[in-house]
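The structure under discussion appears below in the form of structure tokens.
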Amino acid sequence: MTETAGLRLLAEDAEVLAVIAAALQDAVGKIGDILYEPATRQLTLALNRYRW
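Numbering (my numbering), first residue to last: 1 to 52.
Shown next as structure tokens:
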């Protein structure tokens, strides 16, 4: 299996957020891999989706 680049997504409205939610369905991550930056109101998550 090859290493792939991260997927970067930005939701600016509810419609795009629904697409992101579908892309993240069944993803897993660690609490330590969540970062919120209040100054920019940016939430960063490091998640994995397993390919069964």
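Ideal Cβ placement from N, Cα and C applies to all residues, glycine included.
- Within the region 2-42, the complete beta strand (DSSP E) segments of 3 residues or longer fall at 28-37, listed in chain order.
- Contact check for L45 and D33: beta-carbon distance about 7 Å, within the 8 Å limit, so the pair qualifies.
- The straight-line gap separating the alpha-carbon atoms of I20 and V28 is approximately 14 Å.
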